[in-house]
Every structure is written in C-alpha cells, then in structure tokens.
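In the UniProt record's numbering, the protein residues as written are 1 to 198.
Below: the structure, in structure tokens.
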Amino acid sequence: MSWTDERVETLKRMWAEGQSASAIAKELGGVTRNAVIGKVHRLGLSNRNDEAEVKPAPAPAAEKRPEKKPAAAKPEPAPEPAAAKPEPAATPKEEAPQPAFTPSPRRPIVPAGQPLPPQPSANEISPEALASVREVEKKARKLSLMELTERTCKWPIGDPATDKFWFCGLPSQPGKPYCEAHVGVAFQPMSSRRDRRR
DNA sequence: CCCTGATTCGC
DNA sequence: GCGAATCAGG
Numbered sequence: 001m002s003w004t005d006e007r008v009e010t011l012k013r014m015w016a017e018g019q020s021a022s023a024i025a026k027e028l029g030g031v032t033r034n035a036v037i038g039k040v041h042r043l044g045l046s047n048r049n050d051e052a053e054v055k056p057a058p059a060p061a062a063e064k065r066p067e068k069k070p071a072a073a074k075p076e077p078a079p080e081p082a083a084a085k086p087e088p089a090a091t092p093k094e095e096a097p098q099p100a101f102t103p104s105p106r107r108p109i110v111p112a113g114q115p116l117p118p119q120p121s122a123n124e125i126s127p128e129a130l131a132s133v134r135e136v137e138k139k140a141r142k143l144s145l146m147e148l149t150e151r152t153c154k155w156p157i158g159d160p161a162t163d164k165f166w167f168c169g170l171p172s173q174p175g176k177p178y179c180e181a182h183v184g185v186a187f188q189p190m191s192s193r194r195d196r197r198r
C-alpha cells in the first residue's frame with residue numbers, strides 16, 4: 001500500500017480527531033501503526049499542540065541555570081508578575097483546542113450492529129444467565145468508555161446518566177464484543193428462550 | 001500483559 | 001519516503 005492523497009487525508013483527519021495510530025492503521029488497512037506514526041512524523045503533525053513556539057519559557061526558566069531571577073534588573077515595561085501564566089489563553093479565533101482525547105462521536109468504539117445489551121427493564125433472560133451476569137459484574141474492571149479496546153468486554157453496567165456507570169472490561173471473547181459471561185446472555189439461542197406456553 | 005507515541009536506521 | 005525494530009512510557 002502506498003500513501004495516496006486519499007489515505008493521507010484519512011490519516012490526517014483521524015489523527016486530528018485524536019484517534020490512535022493503531023486505530024488509524026486498522027482503518028486504512030495494509031499498514032501497521034508504526035507506518036502510521038512514521039507518516040505522521042514525516043507530515044510534521046506529530047504533536048498537535050505546538051501552537052506558537054514563541055514562548056519565552058516563563059515559569060520553567062528556573063531550571064538549567066541557577067541564574068538569579070531578573071529581580072529588578074529588567075526594565076520590562078510590562079511586568080505583570082502575578083498574572084504570568086504559562087498558558088496564554090489568548091487564542092481569539094481558535095475553537096477549543098481539546099486535548100487528544102475527544103470522545104469523537106464519529107467513530108464510537110462500541111461497535112454498532114451488535115446485539116444491544118438488554119436494558120434493565122427490557123428483555124427476559126434465563127435466571128441462570130442473569131445470576132451469572134450479576135456475578136461477573138462484581139468482577140468487572142469498571143472501564144470507562146475511552147478505556148475500551150477490541151479485547152475488552154463492552155457490556156455496560158449501571159446508569160449512563162449517573163457516575164455509577166462503566167463497562168465490564170473483562171477480556172472479551174475473540175471476535176466478540178463481550179466477555180464469556182456476557183456473550184452468554186447477549187447471544188442466546190432462540191430455542192433456549194423460556195417463553196410462555198408453546 | 002495490554003496499550004500508547006517517538007525514534008532510529010536500513011532499505 | 002517508508003516502516004520494522006526498538007525505545008520509553010501508562
């Protein structure tokens with residue numbers, strides 16, 4: 001595979017979205033995350049924070065050289081001692097420079113199209129499986145959305161509207177979005193469904 | 001162990 | 001320019 005304009009464009013877009021190199025590599029296909037990282041560097045967009053390097057290094061200037069602070073030797077017209085913030089929050093036309101990790105609703109980690117876990121009220125599950133799930137929930141790693149990977153169980157636990165919400169996070173079955181226990185309740189043979197008579 | 005990006009260096 | 005190998009870290 002080669003870096004066609006289109007592929008480079010995808011790379012740039014995803015990188016800007018804060019996607020990881022491996023995620024981008026998978027999306028593109030035919031390349032490894034190393035290739036992506038290498039390309040990112042070559043494109044010069046490695047760190048998306050550079051901003052204006054015109055930082056006189058205000059605070060951190062104390063290191064490297066025990067040089068005394070310009071106590072009063074500097075005829076600086078604009079002292080502004082206390083307000084000397086390293087972060088010049090003066091970026092008028094710039095939208096929020098969100099750090100690399102943006103939830104990115106574009107490409108959710110939780111795969112769509114998979115059988116959605118039953119809502120607390122919906123669905124009927126076999127008592128055994130239910131009990132099993134209860135057990136597993138105790139061992140859940142309680143991962144946040146951003147901590148999920150392709151190898152972690154994406155079974156949601158708790159109420160998304162509250163702080164008491166997380167994902168199972170246990171090792172998922174190869175090729176499956178859930179751990180063994182949750183796969184059990186998510187993928188039930190129709191035959192095993194205990195529905196009313198007949 | 002899983003993962004992340006950064007860097008090097010032969011190709 | 002490319003990217004595997006390696007490094008350094010979480």
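We put the CB at the ideal spot given by N, CA and C, even for glycine.
Can you check whether the CB of F187 is closer than 9 Å to the CB of K176? The sequence position of residue 176 within the first sequence is 176, counting from 1. The sequence position of residue 187 within the first sequence is 187, counting from 1. The Cβ atoms of K176 and F187 sit closer than 9 Å to each other.
Rounded C-alpha distance that separates L45 from V136: Indexing the first sequence from 1 puts residue 45 at position 45. Indexing the first sequence from 1 puts residue 136 at position 136. In a straight line, the C-alpha of L45 is about 43 Å away from that of V136.
Same chain, Cβ closer than 8 Å to P171, five either side skipped, listed in chain order: Your numbering for residue 171 matches position 171 in the first sequence. Around P171: R151, T152, C153 and C179.
Applying the criterion that 16 or more other CB atoms from any shown protein chain within 10 Å of the CB defines a buried residue, is A161 buried or exposed? Taking the first sequence and counting its residues from 1, the one referred to as residue 161 is at position 161. Exposed: under 16 other Cβ atoms inside 10 Å.
In three-state DSSP terms, what is T4? Within the first sequence, numbered from 1, the residue matching residue 4 stands at position 4. Three-state result, T4: coil.
Quick one: grab the DSSP three-state call for G158. Along the first sequence, one-based indexing puts residue 158 at 158. The three-state reading of DSSP puts G158 in strand, counting E and B together.
What's the gap between the Cα of A181 and the Cα of F165? Mapped onto the first sequence, residue 181 falls at position 181. Mapped onto the first sequence, residue 165 falls at position 165. Between the C-alpha atoms of A181 and F165 there is a straight-line separation of about 19 Å.
What are the complete alpha helix (DSSP H) segments, minimum 4 residues, inside the stretch 7 to 43? Taken in chain order, the complete alpha helix (DSSP H) segments of 4 residues or longer contained in the stretch 7 to 43 are 21 to 28 and 33 to 42.
Start and end residues, beta strand (DSSP E) containing F167: What you label residue 167 is simply residue 167 of the first sequence in a count that begins at 1. For F167, the enclosing beta strand (DSSP E) has its first and last residue at F165 to F167.
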